[in-house]
Structure formats: C-alpha cells, structure tokens
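Student: Numbering (this note's numbering), first residue to last: 1 to 245.
Using N, Cα and C, we set each Cβ at its ideal position, and we do this for glycine too.
Owing to the predicted nature of the structure, the values given are computational and were not obtained by experimental measurement.
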Ligand code: C5P
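(1) Tell me which residues share the same chain as residue 153 and place their Cβ nearer than 8 Å to its Cβ, disregarding the 5 neighbours each side in the sequence.
(2) I need the straight-line Cα distance from residue 71 to residue 81, nearest angstrom please.
(3) Rounded C-beta distance between residue 179 and residue 199? I'm assuming under 8 Å.
(4) Within the same chain, show all residues whose beta-carbon is closer than 6 Å to that of residue 115, passing over the 5 residues directly before and after it, in chain order.
(5) Out of 157, 240 and 23, which has the shortest C-alpha to C-alpha gap to residue 48?
(6) Would you list the residues sitting across from residue 89 in a DSSP beta bridge?
(7) Can you tell me which of 155, 158 and 218 puts its alpha carbon nearest to the alpha carbon of residue 176?
(8) Kindly identify the DSSP beta-bridge partner or partners of residue 16.
(9) What would DSSP say about residue 192, mapped onto helix, strand or coil?
(10) Cβ-heavy atom distance between residue 37 and the ligand C5P below 7 Å?
(11) Grab me the residues of residue 209's own chain with a C-beta within less than 7 Å of its C-beta, minus the 5 sequence neighbours each way, in chain order.
(12) How about residue 22: is its Cβ closer than 7 Å to a heavy atom in the ligand C5P?
(13) Just to check my reading of the structure: residue 75 and residue 21 have Cβ atoms closer than 8 Å, yes? What is that Cβ distance to the nearest angstrom?
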C-alpha cells in the first residue's frame, strides 16, 4: 500500500491509487524520429523518466501505460527492467490522447479508487506535485489539477492576425499533469463527454464537476518542441550533478 511521510493520512486509505500514462503520441512537433515517449533524455527514454518519477512518489500503487501499438512488447520489457516499486502494465493506445486514456482506464482493477492521468511527455515532474494531487483527491476533491501562473501577456487574435482583445492574465493558469480524479468521476467523464479536450479535467468540467487547483512546478513542463529537449537535458544534468538522480 502506498504511503508517504508528507501525506500521513494517505497511508490510511483502503483503496489503491493508479496512474494512467498516455504515451502513444507520435510527437510530430519534436521532428522526425521514434514516438515521443520513447525518445531519450540523458540516454533514458522519456517514458522511463516519467514512470520512475510517479513510482518514486510512493503514493502510487499501479501504473498503466498506453503505448504505441507497434511497441507494446519493447515498452513492457523496458519498464520491467526498471524495478520500479509499483505494478506496471502496458496497453495499446488509441488515435487520440483521450482514446489512449480511455483504453487504459478500462483495464483498472476494482480496488482502485483514485486515478491520476500523467503525460509521458512530462518526464521530469517532481515528486511533490504527484503527492499534492493525490492528497487533494484523498481529501475529498473529485478532480484536481496542478497549475502555474501565466507569465506572458495573452491576446485573442482573429484569422487575419488582428488582435481581438487582451485577456486578463491574473485569472489564467497553465495546466500540467498529473491530474487526479475520484475514479467514478473520471469514468463518467470518459463515458459521457466526447469533446476532444486536450486534458481530462476538461471532460470532467463538462459534467459540471468542480475542479480544484494545486501548485504545479516549472520542471513538470511538457516536452513538445526541440527547445524543450534542450531544457530537459539541462535539468537532468543539474539533477545528476547534485546527486538528486
Ligand atoms: O500531443 P501531446 O504532446 O499533447 O500529447 C500529450 C500526451 O498524450 C503524450 O504523452 C502523448 O504520448 C500522449 N498521446 C497518446 N495517444 C495519442 C496522442 C497523444 O497517448 N494518440
């Protein structure tokens, strides 16, 4: 059973906590190459970094990875080698992120009552983000997301590249993963919403369920563009130099 000093009452939980890891994207914005989750940072596939970070949080019992259909065996073998301290299984992902999450969700055993969803493309998520999301769901919030303030000024523009208006930055937040849910809420959201949202909280919002925000972390950014790889490699090198990994 997962437990953590920082989240003492989590050890009293009777249900288990699972993380679904959508990792079936091609990563076209990164340029040609292997599926994004299998590209390496510091010589280690992004997916392995992500699953290690989740397992290290000690509040996660079970990890289900949705991998590209043609790499299921190699992904399973790769994760098996890691000795991660959480049960890890691999399922085939779908055509969209939402499909990949839905397929992983279908495989969960009945004793799981808290479900996180974490992008494999956020390989460097710090432990405290995972822990605080789980703690907020365990405390009674049906849906929880990690967020950061927005640093740029944001403008709405039209199809002719003309500014429509400036949006008030103070009320905006950039949303990360892992996002956490009471299992029944996430299942209902996937069963009833087909909005093509880019995150799971978007589906839950469509049900009218309140979504609570906790502090995200700059190092939980999504590796999407080539510049993100440079940043991720630098963070990893700093962590290795300081003995943190
Ligand atoms: O496309 P984007 O980078 O926003 O993808 C976020 C996450 O969703 C990535 O970890 C990616 O591998 C995953 N994904 C998936 N199945 C898809 C598309 C994306 O699991 N069909």
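Tutor: For this structure:
(1) 166 and 169
(2) 16 Å
(3) 6 Å
(4) 18, 181, 183 and 186
(5) 23
(6) 64
(7) 218
(8) 112
(9) helix
(10) yes
(11) 142, 143 and 185
(12) yes
(13) About 10 Å; that fails the 8 Å criterion.
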